[in-house]
Structure formats: C-alpha cells, structure tokens
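Numbering (the numbering used here), first residue to last: 4 to 157.
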C-alpha cells in the first residue's frame, strides 16, 4: 500500500533533520513504489545522497529503506524520517501524494535529479514573493518530488 503524503504533513522537511511536530506527531517515513525497487533506490541515493539502511525481501520483491547520513552507519543512526522504496507492478499516479525535500540549492538539485535519470515537471522558480524557490521533479517510476529552497537566513 502506498502511503499518501500531503503538503501539510511534510511541508517543513521530508527526511531532513528538522520535521514538523504537532500534537506529538512527526513524520516516520514516506513510501514510493516502482516496478524496479532496486533501480529506484539507486536513483534516490544518487540524486539526494540517501543511504540504504535496511532491505526486506518478500515474494513480490524487495522493500528498501533509505535515510540521510555521511555514511551507512550515520544513516542507520539518523532518527529522522526515511524513504521506503516498495516493489510494485503499478506505481500510483496521484497528483497530490509526493515526496517533499528541503534543499539548499534547488537548481543544483534539479540538475542532480536529471543526471540520475529523473525529469523536472517544473524547473525551480520563485514562489510569489515568499522568498521560497519551488520545483517539481519526477523520479524514473513516475513519483512526484517537490523541491523547496527556503530563503537564506540573514
């Protein structure tokens, strides 16, 4: 089952060290699906620097758990939310459910997405006069990824 991720639930950060905490609730993980979970896991490792921290094998395929860290041991110790890649014959096409990443350089991240085999639905651009830069990427399995670059602190 693919978990629905909403903008409200992950607006501050998905998989970043800071997560939204409201009424004792915080993001645990976000799951995306693809026909080739291993290849999709490699995309997330290459494009966003995630490390594989666990892998479960089922009759229908694998489930790969990824997290941030300078190396695998650091990623395993990271208490932040994880990305879970699930093997699935049919990835859901939901215009709302997607991953949201905070990034420090949206243009560079968009370039990394393309170099890793993803595409950009919308190149990073200013979001009104908020100081935010937002772009929308698509991974090789068709899952949407929102990139949010917050204004630099002064």
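In this text, a Cβ means the ideal position worked out from N, Cα and C, and glycines have one as well.
Legend entry - Assigned secondary structure, residue 54 (DSSP; H/G/I helix, E/B strand, else coil): The residue given as residue 54 occupies position 51 in the chain shown. Strand.
Inset, instruction - Could you please give the first and the last residue of the uninterrupted beta strand (DSSP E) stretch that includes residue 133? - result: Counting from one through the chain shown, the residue named residue 133 turns up at place 130. Looking at the DSSP string, residue 133 is not in any beta strand (DSSP E), and its letter there is neither H nor E.
Inset, instruction - Following the continuous alpha helix (DSSP H) through residue 113, name the residue where it begins and the one where it ends. - result: As a first step, residue 113 is located in the chain shown; it is residue number 110 there, counting from the start. Taken as a continuous stretch (DSSP letters only), the alpha helix (DSSP H) holding residue 113 covers 109-118.
Legend entry - Contact under 8 Å by Cβ, residue 54 with residue 83: Your numbering for residue 54 matches position 51 in the chain shown. Your numbering for residue 83 matches position 80 in the chain shown. Judged by their CB atoms, residue 54 and residue 83 are not nearer to each other than the 8 Å cut-off.
Inset, instruction - Please report the residue range of the alpha helix (DSSP H) in which residue 77 lies. - result: Start at 1 with the first residue of the chain shown, and residue 77 comes out as number 74. Where residue 77 is concerned, the enclosing alpha helix (DSSP H) stretches over 75-80.
Legend entry - DSSP three-state assignment for residue 68, whether helix, strand or coil: As a working mapping, residue 68 is identified with position 65 in the chain shown. If DSSP states are grouped into helix, strand and coil, residue 68 belongs with the strands.
Legend entry - residue 99 (DSSP reduced to helix, strand or coil): Residue mapping note: residue 99 aligns to position 96 of the chain shown, counting from 1. Reliability of the predicted coordinates at residue 99 is poor, the pLDDT of 45 falling under 50, and no value is obtained from them.
Inset, instruction - List the endpoints of the continuous beta strand (DSSP E) containing residue 32. - result: Residue 32 sits at position 29 when you count from the first residue of the chain shown. Here the beta strand (DSSP E) through residue 32 covers 32-37.
Legend entry - Nearest to residue 121 (by Cα), restricted to the options 33, 69, 44 and 31: Along the chain shown, read from residue 1 onward, the residue named residue 121 stands at position 118. With distances taken between CA atoms, residue 121 lies nearest to 44 out of 33, 69, 44 and 31.
Inset, instruction - Classify residue 149 as buried or exposed, calling it buried when 16 or more other Cβ atoms lie within 10 Å of its own Cβ. - result: Against the chain shown, residue 149 aligns to sequence position 146. So residue 149 ends up on the buried side.
Legend entry - Coil, strand or helix - residue 155 by DSSP: Along the chain shown, read from residue 1 onward, the residue named residue 155 stands at position 152. Coil, per DSSP.
Inset, instruction - Ignore the nearest five residues each way along the sequence and tell me which others in residue 153's own chain have a CB closer than 8 Å to its CB. - result: Translated into positions along the chain shown, residue 153 becomes position 150. Close CB contacts of residue 153 within its chain, under the 8 Å cut and outside five residues either way in sequence, are with 105, 134 and 135 (chain order).
Inset, instruction - Quick one: grab the DSSP three-state call for residue 140. - result: Numbered from 1 along the chain shown, position 137 holds the residue referred to as residue 140. Three-state DSSP puts residue 140 in a strand.
Legend entry - 8 Å CB neighbourhood of residue 35 in its chain, flanking five on each side removed: On the chain shown, residue 35 is found 32 positions in, with the first residue counted as 1. Cβ within range, chain order: 5, 43, 86, 87, 88, 89, 94, 102, 142, 144 and 146.
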